[in-house]
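Asks: Just so you know, the sequences run in chain order A and B.
When we follow our numbering, the leftmost residue of the first sequence carries the number 1, and every step to the right adds one.
When we follow our numbering, the leftmost residue of the second sequence carries the number 1001, and every step to the right adds one.
Idealized CB from N, CA, C, for every residue including glycine.
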Amino acid sequence: MSWFIKFITSSLGQKLVMSLTGLFLILFLLVHLLGNMQLFRDDDGYAFNAYTKFMTHNPLIEAVAILLYIFILLHSIQGVALWLQNRRSRGPQAYAVKVTKTTGTNSFASKNMASLGILIFVFLAIHMGDFWWKMKNGTAPVVQYEGEEYQDLYTIVVASFQVDWIVILYLVAMVGLFFHLLHGFQSAFQTLGINHKKYTPAIKFLGWVYAILVPLLFAAMPIYVYFFK
Amino acid sequence: MKLTLKIWRQKDAKSKGGFETYTVEASTHMSFLEMLDVLNESLIREKKEPVAFEHDCREGICGACSLVINGQPHGPWAKTTTCQLHMRQYKDGDTIVVEPYRAVAFPVLKDLVVDRSSFERIIQAGGFISVNTGQPQDANSIPIDLDTASKAFDAASCIGCGACVAACPNSSAMLFTSAKVAHLNMLPQGKVEAQQRVLNMVKQMDLEGFGRCSNITACEAECPKGISIENIARMNREYWAASLGSEKIA
Chain A
1 MSWFIKFITS SLGQKLVMSL TGLFLILFLL VHLLGNMQLF RDDDGYAFNA YTKFMTHNPL
61 IEAVAILLYI FILLHSIQGV ALWLQNRRSR GPQAYAVKVT KTTGTNSFAS KNMASLGILI
121 FVFLAIHMGD FWWKMKNGTA PVVQYEGEEY QDLYTIVVAS FQVDWIVILY LVAMVGLFFH
181 LLHGFQSAFQ TLGINHKKYT PAIKFLGWVY AILVPLLFAA MPIYVYFFK
Chain B
1001 MKLTLKIWRQ KDAKSKGGFE TYTVEASTHM SFLEMLDVLN ESLIREKKEP VAFEHDCREG
1061 ICGACSLVIN GQPHGPWAKT TTCQLHMRQY KDGDTIVVEP YRAVAFPVLK DLVVDRSSFE
1121 RIIQAGGFIS VNTGQPQDAN SIPIDLDTAS KAFDAASCIG CGACVAACPN SSAMLFTSAK
1181 VAHLNMLPQG KVEAQQRVLN MVKQMDLEGF GRCSNITACE AECPKGISIE NIARMNREYW
1241 AASLGSEKIA
């Protein structure tokens, strides 16, 4: 195993960890988004609560969820470690004047991945504390549809999204997520070693579409609830 | 034209440095280094210590000249070194800030001179290529297609100046290292030691204390030779393949 530890803790190994966990989280976002779209249905939360029940009672999904928690932690811890390492590499004396030109990346996003990541992590902690924690501890209210009991996450979500600061937090976090994805999506492929005249333009285009569409639809949820529920 | 220069002065590696302001009379025909020569001649006449900066070929091929000029390694012109930057870029009355490269792996020795021997050690870690000695063989006896040869040549055009490290917000040396890895690993002559080469060079790069690439691409934007980050992707691929695929355990 010593060769594997050496490999995974090398500079390129650490990058691989960021890339692979990042790609997994990108995939997770899409699944999470598609599920949460049930929120837009006008059925007093039946579809949303049924989806919630499915997600919390399927053993396969429970197993993948554990993997997800591990990957979120790995991505965060490795990211902070890389950020600290890079600050050390730059040294104590900063440039008096610094211009950072880039080719083909958004320089705001690419230079601020760590800060954006920390913003998203803080959001995630509040987000999970608000919804996930209540579900796991059974403190959510219970609702009945056709005699069957469901945890009423829908009511919790609707109540949360009436609170001004929570809605603002969600919107700020989604702007952060947009920039994080804008760089992260295409960067993950470059780190994997995929830089190809045929595929890279397509990956970059897909990265833009994904980075705009996913945070936008997520942001639409608190806005929809705030104004229309 | 009259220019104001703010130049980083530092007596030696151990001293604390700081900016000094000078005025210099320059002509638009001068190169940036010639303008610094004029400044130094006037400093010598005044019995002051001239500004230490590195230079050698003064035609953009040796990689000796460095300097971060108004926040950009080798100044504002794309794909040029400091010696190729000419004073016609500037107007009378301009202020120019000149700093050494900043990276832990490139410690300042004096004024604008940094120690770039960490790059030499990465090259040394790359080792040798196995070729037959004796009479040179006919060039066409080693088959290689033109595209691969051209790509290897593009990578080989890296002059090891260190602008990539100076430009990178992470002080990463991955553009340099990957250019050297890609250059030899793409050629038939470099195939024999290809796996060991990438493993050893990356190991040395990490030991020198360079940062980790996060694909910002500032290196590519500032490289005086236009080395592409395609080389970094290639190094990544070769490194995974060598780490996971080779039978070496240690």
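Which chain B residues sit within Cβ distance under 9 Å of GLN78/A?
Replies: Chain B residues near GLN78/A: none, gap ~10 Å exceeds 9 Å.
Asks: What in chain A is Cβ-close to PHE1019/B, meaning under 8 Å?
Replies: Chain A residues near PHE1019/B: ALA96.
Asks: Can you pull the chain B residues whose beta carbon is under 8 Å from the beta carbon of THR139/A, in chain order?
Replies: Result: empty, since nearest Cβ-Cβ is about 40 Å, beyond 8 Å.
Asks: Only counting runs of 3 or more residues, tell me where the beta strand (DSSP E) segments fall wholly within the region 102-151 of chain A, in order along the chain.
Replies: Listed in chain order, they are 142-145 and 148-151.
Asks: Which residue marks the beginning of the beta strand (DSSP E) containing THR1004/B, and which one marks its end?
Replies: 1002-1009 is the extent of the beta strand (DSSP E) around THR1004/B.
Asks: Please state whether DSSP places PHE1019/B in a helix, a strand or coil.
Replies: Note: PHE1019/B maps to strand in three-state DSSP.
Asks: Would you say ARG1116/B lies against chain A (beta-carbon separation less than 8 Å)?
Replies: Cβ-Cβ to chain A under 8 Å: no for ARG1116/B.
Asks: Buried or exposed for MET1087/B, going by 16 or more other Cβ atoms inside 10 Å?
Replies: Buried, because 16 or more other Cβ atoms sit within 10 Å of the Cβ of MET1087/B.
Asks: Given a limit of 8 Å on CB to CB distance, which residues of the region 102-128 of chain A reach chain B?
Replies: Answer set for the region 102-128 of chain A: THR102, THR103, GLY104, THR105, SER107, SER110, LYS111 and MET113.
Asks: Taking C-beta pairs closer than 8 Å, name the residues in chain A that THR1268/B reaches, listed in chain order.
Replies: The requested residue 1268/B does not occur in the structure, where chain B is confined to residues 1001 to 1250.
Asks: Using a beta-carbon distance below 8 Å, is GLU1222/B in contact with chain A?
Replies: It does: the Cβ of GLU1222/B has a partner Cβ on chain A nearer than 8 Å.
Asks: I'd like the ranges of any beta strand (DSSP E) spanning at least 3 consecutive residues and lying wholly in the region 1146-1173 of chain B.
Replies: With a minimum length of 3 residues, no continuous beta strand (DSSP E) run stays inside the region 1146-1173 of chain B.
Asks: Select from the region 1045-1078 of chain B all residues with a C-beta closer than 7 Å to any C-beta belonging to chain A, and list them in chain order.
Replies: If the cut-off is 7 Å between Cβ atoms, the region 1045-1078 of chain B has VAL1068, ASN1070, GLY1071 and GLN1072 near chain A.
Asks: Assuming ILE70/A is part of the alpha helix (DSSP H), what are its boundary residues?
Replies: First-last of the alpha helix (DSSP H) with ILE70/A: 59-90.
Asks: My guess is that VAL143/A and ASN49/A are in contact by the Cβ rule of under 8 Å, so how many angstroms apart are they, rounded?
Replies: Sure, about 7 Å apart at Cβ, within 8 Å.
Asks: Examine the Cβ distances between the region 209-227 of chain A and the region 1002-1022 of chain B and report whether three or more of them are shorter than 8 Å.
Replies: With the cut-off at 8 Å, the region 209-227 of chain A and the region 1002-1022 of chain B do not touch.
Asks: Can you pull the chain B neighbours of TRP3/A, defined as C-beta to C-beta under 8 Å?
Replies: Within 8 Å Cβ-Cβ: SER1243, LYS1248, ILE1249 and ALA1250.
Asks: In angstroms with no decimal places, state the Cα-to-Cα distance between MET113/A and ILE1142/B.
Replies: Answer to the nearest angstrom: the Cα atoms are 45 Å apart.
Asks: Between which two residues does the beta strand (DSSP E) containing ILE1096/B stretch?
Replies: Run containing ILE1096/B: 1095-1099, per the beta strand (DSSP E) assignment.
Asks: In the structure shown, what three-state DSSP assignment does LYS1203/B receive?
Replies: Three-state result, LYS1203/B: helix.
Asks: Considering only their Cβ atoms, is the gap separating THR1080/B from GLY1060/B smaller than 8 Å?
Replies: Yes, Cβ-Cβ distance for GLY1060/B and THR1080/B is below 8 Å.
Asks: In chain A, what lies closer than 7 Å to TYR1090/B by C-beta?
Replies: Per Cβ cutoff of 7 Å: no residues; TYR1090/B is ~15 Å from chain A at best.
Asks: Taking 8 Å as the CB-CB cut-off, is VAL99/A touching chain B?
Replies: Chain B contact via Cβ: present.
Asks: Determine the closest residue to LEU1244/B out of LEU1199/B, LYS1191/B and LEU1175/B, with distance taken between C-alpha atoms.
Replies: With distances taken between Cα atoms, LEU1244/B lies closest to LEU1199/B.
Asks: Going by Cα to Cα distance, which pick from CYS1168/B, ASP1206/B and GLN1195/B is closest to CYS1223/B?
Replies: The shortest C-alpha separation from CYS1223/B is found at CYS1168/B.
Asks: Between GLU1041/B and GLN190/A, what straight-line distance do the alpha-carbon atoms span, to the nearest angstrom?
Replies: C-alpha separation (whole angstroms): 48 Å.
Asks: I need the boundaries of the beta strand (DSSP E) containing VAL1104/B, first residue and last residue.
Replies: Neither: VAL1104/B is in no beta strand (DSSP E) and is coded neither H nor E.
Asks: Beta-carbon within less than 6 Å of PHE1176/B's beta-carbon, same chain only, minus the 5 sequence neighbours each way: which residues are those?
Replies: The answer, listed in chain order, is CYS1164.
Asks: Find the residues of chain A that neighbour ASP1206/B, judging by a C-beta separation of less than 7 Å, and give them in chain order.
Replies: Going along chain A in sequence order, the residues near ASP1206/B (Cβ under 7 Å) are SER10 and SER11.
Asks: Since LEU1112/B and PRO1100/B are thought to touch, with beta carbons under 8 Å apart, how far apart are those beta carbons, to the nearest angstrom?
Replies: Their Cβ separation, rounded to whole angstroms, is 5 Å, which keeps LEU1112/B and PRO1100/B in contact under 8 Å.
Asks: Using the three-state DSSP reduction, which class does GLN38/A fall into: helix, strand or coil?
Replies: Residue state, collapsed to three classes: helix.
Asks: With C-beta atoms as the reference, is SER10/A less than 8 Å away from VAL1202/B?
Replies: Contact: yes.
Asks: Count the other C-beta atoms from every protein chain shown that fall within 10 angstroms of the C-beta of SER1178/B, then say buried if there are 16 or more, exposed otherwise.
Replies: Buried.
Asks: Output the distance between the C-alpha atoms of MET55/A and ASP43/A, rounded to the nearest integer angstrom.
Replies: Near 19 Å, if we compare the C-alpha coordinates of ASP43/A and MET55/A.
Asks: So, does the CB of ILE194/A fall closer than 8 Å to a CB anywhere in chain B?
Replies: Output row for ILE194/A: interface = yes.
Asks: I want to verify the contact list: residues of chain A whose CB lies under 8 Å from the CB of GLY1190/B, in sequence order.
Replies: Residues of chain A passing the Cβ test: none, with the nearest at roughly 18 Å.
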